[in-house]
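Numbering (full-length UniProt numbering), first residue to last: 1 to 352.
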């Protein structure tokens, strides 16, 4: 293990000091420097293509040190162990039932179907689906139509058997694994334990480009889109200077009109807890062709969303039974939580 001296973007004042400010016409000097280096990281990873999806390894782990091995010895040999898989394992939700240690995937569709199963597994087994913040019918509706959209519309069938490329497990959603010196020169990328090979369709600009978390990507998408353009420009410049095929810039050019839609979808597939927000802020309006309300959301909800939810639940006795069970589990969780933490009051189910 090697010690690296550096600071995170937050510690350097990313999006909080004038040197990082974005103008309408071009990024600030430090932001341009950041995007140039971020382009380098993404381009290098995009060039590492493999024939299947999963985590890298060597067939003889007891041999010479890895840094002395021939790169050709490194193969996709293990399951794609993501942060979400690790969390579900820690919580006792048994994701290994569908993802044993040596499981790899040969097609993008097979991998995406596993991610959707992982989402279902969390909802099925977790005692706390946050029904104090989200309506139970909202959750079921979002999960159902998110799955349909992904399988019917989102998966790129032309790339079903590749390219599959290596990606860092956290860089999409977090900045704390990127370390910089005081001049915003990248000195290290940390925590590769959750890296694995995935379909190139998941290689998207990170959601934190405007200095914010997923909540801001959801509610202020134009801010993110404004940052994607100079990042793509940096990628194009770097590909040209390296004299390599413009794979990444061409893929991101195709995505640009859908940004931050593509980034949000990839984030939701990799982190099921975000499906609810991504669906209700993007996909719902895409699916129904309704326009996002500018005024009274409660009135919009009562006139447009509530009838859909009621019809959705009436269509399936199984959904009604499932929701009743999850609500009972949620109420029991609230009681146990209050007792364990000695809280003054229990959380309550949100009123729908």
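Here a beta-carbon is modelled for each residue, glycine too, at the ideal position from N, C-alpha and C.
Just tell me which of the options has its CA closest to the CA of residue i.
i           : options            : result
residue 281 : 198, 292, 309      : 292
residue 193 : 48, 242, 56, 309   : 56
residue 147 : 331, 344, 275, 334 : 275
residue 207 : 201, 227, 196      : 227
residue 254 : 203, 244, 267      : 203
residue 246 : 46, 13, 8, 301     : 46
residue 349 : 333, 262, 205, 184 : 333
residue 278 : 289, 261, 288, 4   : 261
residue 103 : 326, 88, 80        : 80
residue 319 : 144, 96, 242       : 144
residue 233 : 339, 323, 251      : 251
residue 159 : 153, 150, 200, 174 : 200
residue 5   : 129, 153, 180, 175 : 180
residue 326 : 105, 37, 135       : 135
residue 94  : 152, 243, 125      : 125
residue 152 : 167, 339, 113, 347 : 113
residue 263 : 78, 345, 174       : 174
Spell out the partners DSSP gives residue i in its beta bridges.
i           : result
residue 78  : 55
residue 188 : 179
residue 198 : 165
residue 7   : 180
residue 341 : In DSSP, residue 341 forms no bridge with anything.
residue 105 : 53
Just to confirm, are residue i and residue j a CB contact at a threshold of 8 Å?
i           : j           : result
residue 85  : residue 99  : yes
residue 115 : residue 214 : no
residue 189 : residue 33  : no
residue 210 : residue 191 : no
residue 267 : residue 172 : yes
residue 14  : residue 141 : no
residue 118 : residue 88  : yes
residue 3   : residue 231 : no
residue 149 : residue 283 : yes
residue 54  : residue 220 : no
residue 154 : residue 265 : yes
residue 78  : residue 64  : no
residue 242 : residue 42  : no
residue 346 : residue 335 : yes
Using the Cα positions of residue i and residue j, report the straight-line distance between them to the nearest angstrom.
i           : j           : result
residue 218 : residue 225 : 12 Å
residue 30  : residue 182 : 11 Å
residue 44  : residue 272 : 28 Å
residue 11  : residue 331 : 40 Å
residue 328 : residue 307 : 24 Å
residue 164 : residue 49  : 5 Å
residue 75  : residue 58  : 6 Å
residue 169 : residue 216 : 21 Å
residue 7   : residue 238 : 24 Å
residue 137 : residue 321 : 12 Å
residue 287 : residue 296 : 21 Å
residue 161 : residue 68  : 31 Å
residue 108 : residue 131 : 32 Å
residue 66  : residue 52  : 21 Å
residue 9   : residue 187 : 12 Å
residue 309 : residue 317 : 14 Å
residue 139 : residue 121 : 14 Å
residue 92  : residue 127 : 11 Å
residue 290 : residue 351 : 24 Å
residue 40  : residue 235 : 8 Å
residue 167 : residue 299 : 43 Å
residue 323 : residue 315 : 13 Å
residue 25  : residue 229 : With a pLDDT of 43 at residue 25, under the threshold of 50, the modelled position of this residue cannot be trusted; read the value that follows with caution. In a straight line, the C-alpha of residue 25 is about 11 Å away from that of residue 229.
residue 37  : residue 96  : 37 Å
residue 73  : residue 157 : 30 Å
residue 393 : residue 223 : Lying before the first or after the last residue shown, residue 393 is absent from the chain, which here runs from 1 to 352.
residue 105 : residue 61  : 22 Å
residue 304 : residue 129 : 24 Å
residue 28  : residue 133 : 38 Å
residue 23  : residue 341 : Low confidence applies here, because residue 23 scores a pLDDT of 44, under 50, leaving its location unreliable; read the following figure in that light. Cα to Cα, residue 23 sits roughly 47 Å from residue 341.
residue 302 : residue 294 : 15 Å
residue 198 : residue 205 : 15 Å
residue 337 : residue 240 : 56 Å
Does residue i have its Cβ less than 8 Å from a Cβ in chain D?
i           : result
residue 328 : Among the chains of the structure shown, chain D does not appear; only one protein chain is present.
Quiz prompt | Length-filtered (4 minimum) alpha helix (DSSP H) runs lying within the segment 203-237 | solution = The qualifying runs are 214-219.
Quiz prompt | Secondary structure, alpha helix (DSSP H): runs of 4+ residues fully inside the segment 254-298 | solution = Counting only runs of 4+ residues, the alpha helix (DSSP H) found wholly inside the segment 254-298 occupies 261-270, 275-278, 284-288, in chain order.
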